[in-house]
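J.: Sharing a structure with you now.
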Amino acid sequence: MRLRNLLALFLGVALAFMLFQPAARADQWNQMTELKFNQPVELPHVVLPAGSYWFVLENSPSSRDVVDVFSHNWKHEYATFFTVPTTRPDSTDQTVLIFAERPHDQPEALLKWYYPGRLTGHEFLYSPRHERRFARDPKRTVEANGFSSRS
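Per our numbering: the sequence shown = residues 59 to 209.
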């Protein structure tokens, strides 16, 4: 009887580990993050009005550089963006966003997005004309209080 209880305990722990492990990897894998903006934000070829949005990496093992942006309720996909990897010297436990500050009549442009705990982030690809414009603009780093589905 003791052996049976020990075996049941071992199988139960192994089953629990198998059930919870993929969920933790899925969060890290797709880097799903809800970002809330209190003013319009520019991204390549689109301006998002103030509100909540989900930023998610596409589920592709061959490319980790495609970001989808969805509405807060997942009913509308605003855009799909190609990005390039970008690194930072230190990671934080929060989502970090790098903006190009724009004149008062234009929305700030989101240049980079870093998922919590990662040194490598995603730099959004703008047209060469926009890139030249943003190079002159001051940059602002924001540690977002948005929700990251991070385990």
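The beta carbon of each residue, even a glycine, is placed where N, CA and C say it ideally should be. All values derive from a computational prediction rather than experimental measurement.
Would you say Val-154 and Tyr-172 are within 8 Å of each other, going by their C-beta atoms?
T.: It is a contact, given that the beta carbons lie within the stated cut-off.
J.: Give the straight-line distance between the Cα atoms of Asp-151 and Pro-161, rounded to the nearest whole angstrom.
T.: Computed Cα separation, rounded: 31 Å.
J.: By how many angstroms is the C-alpha of Glu-159 removed from the C-alpha of Phe-192?
T.: If you take the alpha carbons of Phe-192 and Glu-159, they lie about 8 Å apart.
J.: State the beta-bridge partners of Gly-109 as determined by DSSP.
T.: DSSP output for Gly-109 lists Phe-95 as bridge partner(s).
J.: Which residue's Cα is closest to the Cα of Val-99: Leu-177, Ser-118, Phe-182, Asp-123?
T.: Answer by Cα proximity: Phe-182.
J.: Taking only three categories from DSSP, how would you classify Arg-187?
T.: Of the three classes helix, strand and coil, the one that applies to Arg-187 here is helix, per DSSP.
J.: Report the partner residues of Leu-155 according to the DSSP bridge assignment.
T.: Leu-155 pairs with Trp-171, Val-200.
J.: Can you tell which of Leu-169, Val-114, Trp-112, His-188 has the C-alpha that lies nearest to the C-alpha of Val-200?
T.: Selected option, being the one with the closest Cα: Leu-169.
J.: What does the alpha-carbon distance come out to for the pair His-180 and Thr-144?
T.: Approximately 6 Å, taken between the alpha carbons.
J.: Tell me, to the nearest whole angstrom, how far the beta carbon of Arg-127 is from that of Phe-113; I am working on the premise that it is less than 8 Å.
T.: Residue identity differs from the one stated: residue 127 is Val in this sequence, not Arg. Correct: roughly 6 Å between the Cβ atoms.
J.: One question on the structure: do Leu-115 and Val-104 come within less than 8 Å of each other, judged by their Cβ atoms?
T.: The answer is no: Cβ separation not under 8 Å.
J.: How many Å lie between Arg-146 and Thr-178 at the Cα?
T.: Taking the straight line from one Cα to the other gives about 7 Å.
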